[in-house]
Every structure is written in C-alpha cells, then in structure tokens.
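Data block below; observations after.
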Amino acid sequence: MRQTKNNILQKIDWITVLLYLTLVIIGWINIYAAVYNTSHKSILDFSQKYGKQLIWIFAGIILIIIIFTIKSRFYKFFAYPIYIVTILLLFFVLLFGREVNGARSWFEIGNFRLQPAEFAKFATSLAVAKYVGSFNFNIKKIKNLLATLMLIFIPVIFILLQNDTGSALVYFIFILVLFREGLSANILIFGFIAVILFILALILKIITVLILILAIAFIIYWLSQRKLKNIIIASSIFTAISLILWIIKHYGNINLSDSYVILISFIISSVYYIFYAFKNNISKIYSFVLITLASLIFVFSVNYAFNNILEQHQRDRINNLLGIKYDPLGTGYNVNQSKIAIGSGGFSGKGFLQGTQTKFNFVPEQSTDFIFCTIGEEWGFIGTSVVLILFVLLVIRLIFLAEKQRTHFARIYGYSVAAILFFHFAINIGMTIGLAPVIGIPLPFISYGGSSLWSFTILLFIFIKLDTNRSDLI
Amino acid sequence: MTNQYSDRKYIISGIIILISIIFIIRLLYLQVFDNKYKLSANNNSQRKVIIHPPRGLIYDRNNTLLVYNEATYDIMVIPNQLQKFDTTLLADLLNIDKDYIKFNIKKAKNFSYYKPSLFLKQLSIKSYARFQENLYKFLGFFAQARTLRKYPQKIAAHILGYVGEVDKKILEKNKSYKQGDYIGLSGVEKYYENILRGKTGSKIFLVDVHNRIRGNYKNGKYDTIAIAGNNLTLTLDAKLQAFGEKLMQNKIGSIVAIEPSSGEILTLISSPNYDPNLLVGRIRSKNYRKLLLDSLKPLFNRAINAKYPPGSTFKLINALIGMQENVLTENTYYTCNHGYHFGGITVGCHGHKSPLNLKESIQISCNSYYCNVFKSIIDNKNYPTTTQSYNAWRNYVTSFGFGRYLESDIYDESKGFVPKSTYYDKYYKKNHWSALTIISLAIGQGELGITPLQMANMASIMANRGFYYIPHIVKKISGGISISPKFEVKHFTKINEKYFSTVVDGMELVINGGPGSTARIAKIDSIIVCGKTGTAQNPHGKDHSIFIAFAPKDNPKIAIAVYIENGGFGATWAAPIASLMIEKYLTKKISKKRKYLENYILNGNLINKK
Ligand SMILES: [Zn+2]
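Protein sequences appear in the order of chains A and B. The first sequence begins at 181 in my numbering and counts up one residue at a time. The second sequence begins at 11 in my numbering and counts up one residue at a time.
Put into structure tokens, the structure is as follows:
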C-alpha cells in the first residue's frame, strides 16, 4: 500500500484544488471590478486592492507548497501546540492589537496586518479533530463533550472580547461536526430550531415567523403522516378560524395585532387536533401540537422581551451580538442596497466592470464582506448561481473525501473544513440577499484580504495534504 | 464503531443542499423575477439632470437686445442622501429660515426619497457662489443651472409678455413639457413659444452614494443635447417705444404705430405699464398679484383689448363709404347749424363756417355733415330695406379690420365690436330702427368698439390709400425660419382706391389747414402729417382724447393711433403725443421749437387729476 513520495501529485485531489483555484480567480476578478477605477487600470497596481490581492494569492501558493512539503503526521502531532500558540496570539492581540472598525483583532507589523482570529479556525479544527478523534473519546460522556466544547469556546471568548462577533459565531458550526461524530440529533434539532427562531424573531416581522412556523409544522406533519386529506382538513380548520377571528377583529374594531389572531387561532385549532388525536389514538400529534405551540410562544416571548423588557442600549448590544451592524441610514439600509445591487444584475448581469451599484460605494465593504454584490450585479443570476454551486460542490466534495478517510483525525478535520466553509458562504451570501443577519464574515477565497485568504487556504490545504495520505494509518 | 454515524453524512449534505436551493430560489426571484430592485438601482446610481435650453433672445428692429437669459441656480435635494448638517449655516447661505428648510425637506421626502426635488428656486449667481463653496457640508444637496428672463430696456412689457413654469394643466395637455420647464404665458413669449423654447436636453450621470458625479452613464449614449431656442427680431423700434412709454406716463390709454408699407408694428404701448423685470423668477407671483389688484389694470393690454369708441376718426370711414356708395362726392355740401337736427334728434356741433364740402368737413370735423352722410348711406334707395343698407355699410366697415380679428401675431387680440343688424333688431325690434336711431355711428359713437391696434391699422390704410398689411410684431426669426406669409399679403378694403385721396387731403388740412383745423398743434414744420382728431363721449367721465395720423403724406413711413382715456379733446393730448412720436421716429429727435410740447406732455398727469 505504501506509495513513493514523488507520487504526491497523483494523490492530490485535483477536483478540490480546481474548485479552490476557480473561486480564488473569480474572487480576484470581482475585487478588481469592485474597486475598478479608470485612473488605476493596471492589474499590477499594488496600491489598489486587486494588486494587493494578487500578492496574497501568490503568497498563498507558497503556503500551499509549504503545507504539502510538511508531513501529514506533523499536523496531528502538533495539533495542540498549534492550538495553544493560536490562543496566545488571540490573547496578545487583545493587548497589543490594533483596532480596525471597532474590532481589536489585528496585529500590525509595518504595512502588514494579520488577523489571528482567522487562523484560529484551522488551529481549533486541528485540536477538535485530534481530541474527538482520539481512541478514548466518547461523545456520550458528558466530560468528553464538555472538554470538546471548551476547546471550541476558548477561541470564541477571545474573539468576542476582540469585538469581532462575526468570526466568533463561526465556531457554532462545529455542532455539525459533532453531530457527524455521534452528538444526539435532538440537540442538533432543538439547538438549530431555537437559534433559527431566536434570530428570525429578531430580524423578521413576528407575523412572518409565525406563518413560517405553521407552514413548516403542517409540511412536516404531512411528511410524517402521508395523508393529504388530514392535512387539508387541519389547515382548513386553522385558516377558517383565523379568517373568522380576523373578520371579527376588523369589523368589530378590536385592537388586536394579526400575529395574536394567528396565535389564538392555532390554540383554538389545537383543541380539535388534540380531540382528533385522542379519538384516533395518534400520540404523535400531541408532541407535534406541543412543539408547534412552544415554538410560537417562544417567538412571541423573544419578540416581546426584546421590544418591551430590554432597554434600547441592551437591544443595541444584542443587535451587536448578532452582528447586526450599526446602520446609519435606517434599518436594513445595507441589506437593501445589497439587494438592489444583486437584483439589478438581472439574469445575465450588467457585464464585467459595468456594475454601478457596487462600484460607486452604494454597497458597503464591497470588496470584502459584500463582494457577492459585485458578482450579482455584473454577472447576474448566472454568476451568483455558478459561485453558489461551486461552493456546494466544494463542500460536498470535502464531505465525500472526509468520509473516505481511514483516520478519525483526518475525517473530523475534513468535516470541520467543510462545516466552516459552509457556514461562511451560507451566512455571507445569505446576508447579501437578506436571508441571514448582517454578520461581518468574509466569503471564503473570494473576499479581499490576506488573512482570510491565507487562513482558508491553510485550512483547506491541510486537509488536501491529509487526504493524500488517506491510505496511510498515521 | 467508525462508521456508526456515517449515514449522517446524508443529513449534513442534505442541510447544505437545502440551504443552497433556498438561496438559488431567492436569487432567481431577486435577479430575474422581481423588477423592483432594477428600478431602485436606476434611481440609486444614475442622476438624470435636465438641461434646460436657453430660451431664444429677442431683439428690436435695430438689433437692440430686449430680452436675454440670466443664469440662476435651483437648489435640489435628494432626501435619502441627506446627512446631518448645520441648518443655521444653510439658512444663512441661502437667506431662508429654518422652517423653510424643514418644510421643504419634508415635502421632498413626501415626493421621493431617491429622486431630486426642488428645494430652493432661482438662486442668484452671487448667492450660488457662496453656497457652492460650502456644498460639501450639505450632502444630498446639489445645484441645477437655470435661466431667468432679463429685460435690459425695461420696456414693452405687454408686447414681450412673460414666462412661467408649466403648471399641472399644461403638463397634462402637452406631453412635450416636463415639470419645471418654462413656458411663455403672454405676449410674444406665448405666441412664439414653439420658436423660443428650444429643446430640453438631458444627461444621465453616474453618482455614488455621496452624491458625487462619477462619470457619464454609458458614455453619454442616452444623453440628449439641449437645443437653444431661436432668436426673434421684432418689428418694434425700441427707442420709439421707450419714448412713447415716457410720454404716456401718468396717462391711461394706448399708442400703436405701424409702418404702413409693411404692417410692421413700430410701437405698441398700453398705459399704465410695468417693468417686465417684475414678472421674473421668485418675485413674479408676488408682483403679479400686486399688478392684478391695481385699479388702473396695468396688466390689461389696452392696445389690443380695449374696445374704445373711435369718435370722429370714424368720420373718415363714413366719408369713404358714402363716396363708394355714390351718395357723396368731394363736392357735396351740407350746412351745419351748431349741429344736426332731424325728426326730434339733435347731434350737436361746434360753431364753424357753413356749408362745408367733404374736405372741409374732415378738417373741421363737422358732426352735422356726417349725420347727413350716414343717413344718405342707410337711406340709400338702392337697398330695399334699412337692414340691407346697414349690412352693406357694415361690410365696408369690417373690410377695414373693424369688428373682427386682424390676425396679427400679438397674443390675445380682441375683435372689437361693430354691431350686426340683428343686434339692432333685438335691441329695437325688427324694422323699428332707422338711420336716425343709430345716427351716433355717423360720428364714431354708439355701440362701436375699436381697439387702438385697429385704429392704427385704419391710419395705415389711409396712408396706403386703400390697403393694409396685417400688423405684426415679429420681423425675423433666426435659424432660417420665415415669418408667416400672411403678413406679406395686401388686404384691400371694399372702397375704391380713388376715393382715398380726397379723404387724405382732408386729413392733411386737419393739421396743416387754416383756422378751424382741429389739430394744428400736431404740425411739424418739416413733415406733412395727415391726421384726424376724435373725441369720444364717455358716459363714465371726461371724454377720451383720440388721434390717428400718418406721415409723411407722400410715401408714408409711420401710421399711428393715440388714445388717451379721459383726455378731453383729441387735440389736447392725443394729437400732440402722436405728432411727437412721428417727429421722433422720422427725425430721430424733437425740434427745439417743439420741446415745450414734449415737456407739456411729459408733465401731464391725467391719473391723479381724476
Ligand atoms: Zn358742424
């Protein structure tokens, strides 16, 4: 089974590398477009962002070569030391770092800036992979689980202290990795639902969230029951009751918000559902109605607490915590501008360098966090869907490769890479199209910035290196 | 143990793919199906700037500039680009108060957050320069160049008219106008609107979020250039107009002077008048209201809209009709015994020698003579009925341009009034009226309503001995556009030309005859002026003073009508004014000998005397 060393080029997963290179090139082209300016046309103008990004890209290639020359064994062996060094860097940056945009997360050496939080991702991934992949580890043991969570939360705390909420939130995605390694599905589901509902309750209109919950509940119920008749009856009852209530409210001039109408209607409908469950002896319905009701009430309480109990500065802090950025021109200005930019691209886009929304600073951070707007505006739906599909292919490919690993360490690390990339692209793209809160995290490989490009490159290529030794037991 | 949970890869992949599908659908919706964002993008980054063309300039017949455009600036605001700014400074710079700022920003927001709204109109260059230096402190504001009409000569307000911004009604009616465009509202500005307005252009700029212009949209592919309006050269003589306006100060009435050989209007004055610069820009509506409420009605253009009785000047017409109808010859004599007495009717006359022939009747302006003439016309045996003979008479009268539109290019001219026979049928019942009933028509009284322009045209007909060109005010249009050909057509009256010489001779005597001539005051030594006085009875006050004239007798260069309300005898005010105008036009000055007359007129105040 042992292969000679000069065969490493054959063992590299070129599909992943190709996806990586494509995304990097797409990124550079769009950075060029985002900051394009007729007075700086040369692509080698190193005073401009695209010139600098070109340097980061070439430096990234050197990093890749270095990563490939290091033995796979090294990464597992030095996983904890790398983790500890990174934590120290995160600690020092708090003391000696430079504040940029309100976040003290940068080391500055001359013209050169480095963001340790970016590198903490691969360091944490290595540490988690090593710990969870160790022979004695059993996720069912509370002690082991807590230790794992501690590994994850130590960098989170430091990053939160740096006031870089976006980067901290990324670490929640390790829940997916742990899920793959045996974490109870219920924790995933409940945690997921709670987080989603909490965020939705804050960023969407309450009525939208309520309708969403009910729609999902009915759909899940239908999927589990497979009886179309029942679901039609159930939803008709609910619709009829809400309609009657709404008419009474409307013509009776009763001051009641539509969201209360929906809540009350569901409570009344539940009486029938429970009666039906009792009559037909379907115990599943009880928990189902209960969960739905709990979700509705949860959303109500979050919304109520946020708007009535908390004070403005506390609300701001939560907005801050959620990464909902301070908005100088009113709620949702940035997202609105971003949607305008993307929407204005149409099906095939305005063409390379023809974007007006991103180029003229309507969209904030257009070369970093909002680079997707440039893609959307200049390349249209074709461009956005291609980029999205490339990301999905990359992540799925990583999962595919991870599953093929013989060692737990390599598999867990592979899943970590996939999960982190997924979180980044989902939140970043989601934020530009108004489906996720505005959290300032970059689009991997595409957004402008050396630290982010390098950290993702390191993150990814360590796995590609590990994958070349797939057949070795290390 | 290793692959105990490996099925979970499907769940994880499923979540990833599900979210990606949601994203794709969302993108499809945003980018392909929903047009809302495409429209927003246009408002966001493109600023369409309307380029208003300069309106055509207006010159007088000697190329004296009468109307030009002065640059001003409209301050515009785009609400969604506003940032906190120093309202005190802005108020100070623009000379407005804080409430104005608050109110207008609110108004702009109500209109649109993304589109520019007018914030302050017509800022002078000086204020604009001060504002421009501070513009960077006021994000969301910008200036748009506009022009304002300026009238360096301060004359001829009624002729030139004024412009204003198009209102809702015009916008609905005429799609070629856009909000904020100027349009001529009266006078030449209105009549020649299509010539003067030019073509509005537009430029689309790309602007960034800070409202800075970053270039042209698609290299100006969609820009249209503004085309300046065509210039007009008027037939007006600015010097004569100014002189006439000066003579008319403190008098109510009108002067209209025409070049008989072309119909070109040399002067058209309605008094009281106003400085045309008053009806410009921001001060327009305030001043307009003031002028509108003035009891002397300065906005009323008497020259074309006042329907005055022509008085004795009308005797010339009756003389010509009489001759044409063979009821009167040069040598017809009528006696006058301090007036005309017939069948219980008396039309008074002043004392003079008797009997008189035709020429003398004009010279002396005998009422009695013309009552006889008029009666012989109406009672003409060639016509079976009075109605028929009256209609014949009326036909002659309208052929002089009375009682109908002259169709000049002066906006809003009136027809005047010459009653039809049906009018008398209604008034006196059919067949219950006769020459005697309407005898006042003989001496230009009664129901007749003639505008000063029509009177000047009558003078022009006398000067031409039987024809006229339609009086008009525009001589030339720039850009190779010719004026209407109708102004080059000779219009003949229904009177044979041979009869005019007698009347003209009579008109010469009015000024240059011996004792008894009614207007010797109008005599100019070097020029033979022919004219006719008129004094119109005015039931509301003192008689109106009227004079029509042309000069020189041979090859006339100017025909004129002067009408002074409540001026008394024709010879008191109208005749001297007409003669001064003629002298001024033909000799470019007032002779020393007649300076006293000029001063008499200039000092004459008929308004406060009332
Ligand atoms: Zn007499």
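Even for Gly, the Cβ is constructed at its ideal location relative to N, Cα and C. Predicted, not measured: the structure shown is a model, and the values here were computed from it.
Report task. Taking all protein chains shown into account, decide if E518 (chain B) is buried (16 or more other Cβ within 10 angstroms of its Cβ) or exposed. Result -> So E518 (chain B) counts as buried.
Query raised in the report: Can at least three beta-carbon pairs, one atom from the region 476 to 486 of chain A and one from the region 580 to 598 of chain A, be found at a separation below 8 angstroms?
Result: As far as the Cβ criterion goes, the region 476 to 486 of chain A does not touch the region 580 to 598 of chain A, which means the pair count is below three.
Query raised in the report: How about S450 (chain B): is its Cβ closer than 6 angstroms to a heavy atom in ligand 1?
Result: Checking the Cβ of S450 (chain B) against ligand 1 gives no.
Requested in this report: State the start and end residues of the unbroken beta strand (DSSP E) segment that holds F151 (chain B).
Outcome: It spans F151 to K160 - the beta strand (DSSP E) in which F151 (chain B) sits, taken as one unbroken run.
Report task. Keeping to the same chain, check which residues put their C-beta closer than 7 angstroms to that of P508 (chain A); ignore five residues upstream and five downstream. Result -> Bear in mind that a pLDDT of 37 at P508 (chain A), under 50, signals an unreliable position, so the model cannot answer this.
Query - Cβ neighbours of F317 (chain A) in the same chain (closer than 7 angstroms, five flanking residues each side left out) - result: So the list reads Y311 and N324, once near-sequence residues are dropped.
Query raised in the report: Would you say V499 (chain B) reaches chain A, if we count a Cβ-Cβ gap shorter than 7 angstroms as a contact?
Result: By this cut-off, V499 (chain B) is not an interface position.
Query raised in the report: beta strand (DSSP E) containing D84 (chain B): first to last residue?
Result: For D84 (chain B), the enclosing beta strand (DSSP E) begins and ends at L75 to V87.
Query raised in the report: If we call anything under 7 angstroms between Cβ atoms a contact, is L195 (chain B) one with Y187 (chain B)?
Result: Here L195 (chain B) is not near Y187 (chain B), since their CB atoms are 7 angstroms or more apart.
Query raised in the report: Are A532 (chain B) and G541 (chain B) closer than 7 angstroms when you measure CB to CB?
Result: Result yes, Cβ atoms of A532 (chain B) and G541 (chain B) sit closer than 7 angstroms.
Query raised in the report: Comparing the CB of C346 (chain B) with every heavy atom of ligand 1, is any distance shorter than 6 angstroms?
Result: Yes, since a heavy atom of ligand 1 falls inside the 6 angstroms radius drawn around the Cβ of C346 (chain B).
Report task. Could you spell out the range, first to last residue, of the alpha helix (DSSP H) harbouring V441 (chain A)? Result -> Here the alpha helix (DSSP H) through V441 (chain A) covers D438 to N460.
**Report entry** Distance, L408 (chain A) Cα to P624 (chain A) Cα
**Finding:** P624 (chain A) and L408 (chain A): Cα-Cα distance of roughly 43 angstroms.
Requested in this report: Flag M11 (chain B) as yes if its beta-carbon sits less than 7 angstroms from any beta-carbon of chain A, otherwise no.
Outcome: Unreliable positioning characterises M11 (chain B) in this predicted model, as indicated by a pLDDT of 42, which lies under 50. A coordinate reading is not provided.
Query raised in the report: Grouping DSSP H, G and I as helix and E and B as strand, with all else coil, what is W402 (chain A)?
Result: In the structure shown, W402 (chain A) sits in a helix (DSSP, three-state: H, G or I).
Query raised in the report: With 7 angstroms set as the bound, which would you pick, yes or no: does the beta-carbon of I619 (chain A) sit closer than that to a beta-carbon of chain B?
Result: Chain B contact via Cβ: absent.
Query raised in the report: What span of residues does the beta strand (DSSP E) with Y318 (chain B) cover, start to end?
Result: From DSSP, Y318 (chain B) is part of no beta strand (DSSP E); its letter is neither H nor E.
Requested in this report: State the Cα-Cα distance for the pair S494 (chain B) and T243 (chain B), rounded to the nearest angstrom.
Outcome: So the two alpha carbons sit approximately 14 angstroms from each other.
Report task. Taking Y15 (chain B) as the query, report the chain A residues whose CB atoms sit under 7 angstroms from its CB, ordered along the chain. Result -> Per Cβ cutoff of 7 angstroms: R360, E361 and G362.
Query raised in the report: Between which two residues does the alpha helix (DSSP H) harbouring H168 (chain B) extend?
Result: First-last of the alpha helix (DSSP H) with H168 (chain B): A167 to L170.
Query raised in the report: Cβ-heavy atom distance between S322 (chain B) and ligand 1 below 6 angstroms?
Result: No, since every heavy atom of ligand 1 falls outside the 6 angstroms radius drawn around the Cβ of S322 (chain B).
Query raised in the report: Under the rule that 16 or more other beta-carbon atoms within 10 Å means buried, what is M258 (chain B), buried or exposed?
Result: Sixteen is the threshold: when 16 or more other Cβ atoms of the shown chains lie within 10 Å of the Cβ of M258 (chain B), as they do, the residue is buried.
Report task. For V575 (chain A), return the contacting residues in chain B, with the cut-off set at a CB-CB distance below 8 angstroms. Result -> Going along chain B in sequence order, the residues near V575 (chain A) (Cβ under 8 angstroms) are I26.
Requested in this report: Compare the C-beta of T564 (chain A) with all C-beta atoms of chain B and state if any pair is closer than 7 angstroms.
Outcome: Using a CB distance cut-off of 7 angstroms, T564 (chain A) counts as an interface residue toward chain B.
Query raised in the report: Between C376 (chain B) and ligand 1, is the CB less than 6 angstroms from at least one heavy atom?
Result: Yes; taking the cut-off as 6 angstroms, the Cβ of C376 (chain B) has a heavy atom of ligand 1 nearer than that.
Query - Residue-chain proximity (A606 (chain A), chain B), Cβ-Cβ < 7 angstroms - result: Yes, its Cβ sits closer than 7 angstroms to a Cβ of chain B.
Query raised in the report: Using a C-beta to C-beta distance shorter than 8 angstroms, which residues of chain A count as neighbours of K496 (chain B)?
Result: Per Cβ cutoff of 8 angstroms: no residues; K496 (chain B) is ~54 angstroms from chain A at best.
Query raised in the report: Taking one C-beta from the region 264 to 275 of chain B and one from the region 467 to 480 of chain B each time, how about it: are there three or more such pairs within less than 8 angstroms?
Result: A contact exists between the region 264 to 275 of chain B and the region 467 to 480 of chain B.
Query raised in the report: Do the CB positions of N210 (chain A) and T554 (chain A) come within less than 7 angstroms of each other?
Result: Yes, Cβ-Cβ distance for N210 (chain A) and T554 (chain A) is below 7 angstroms.
Query raised in the report: Thinking C-beta only, is G332 (chain B) closer than 7 angstroms to S378 (chain B)?
Result: Remark: C-beta atoms of S378 (chain B) and G332 (chain B) do not approach each other more closely than 7 angstroms.
Query raised in the report: Quick one: Cα of F102 (chain B) to Cα of S601 (chain B), how far?
Result: Note that residue 102 (chain B) corresponds to Asp in the displayed sequence, not to Phe. Pairing D102 (chain B) with S601 (chain B), the inter-Cα distance amounts to about 55 angstroms.
**Report entry** Which of helix, strand or coil DSSP assigns to V357 (chain B)
**Finding:** DSSP places V357 (chain B) in the strand class (E or B) of the three-state scheme.
Requested in this report: For C381 (chain B), verify whether its CB is less than 6 angstroms away from any heavy atom of ligand 1.
Outcome: The answer is no for C381 (chain B).
Query - T637 (chain A) and L243 (chain A) closer than 7 angstroms at C-beta - result: Their beta carbons are under 7 angstroms apart, which means T637 (chain A) touches L243 (chain A) by this criterion.
Query - Min CB distance I353 (chain A) to chain B below 7 angstroms - result: Not an interface residue.
Query - Short Cβ contact (7 angstroms threshold) for T249 (chain A) with F299 (chain A) - result: In this structure, T249 (chain A) lies away from F299 (chain A), with their beta-carbon atoms at least 7 angstroms apart.
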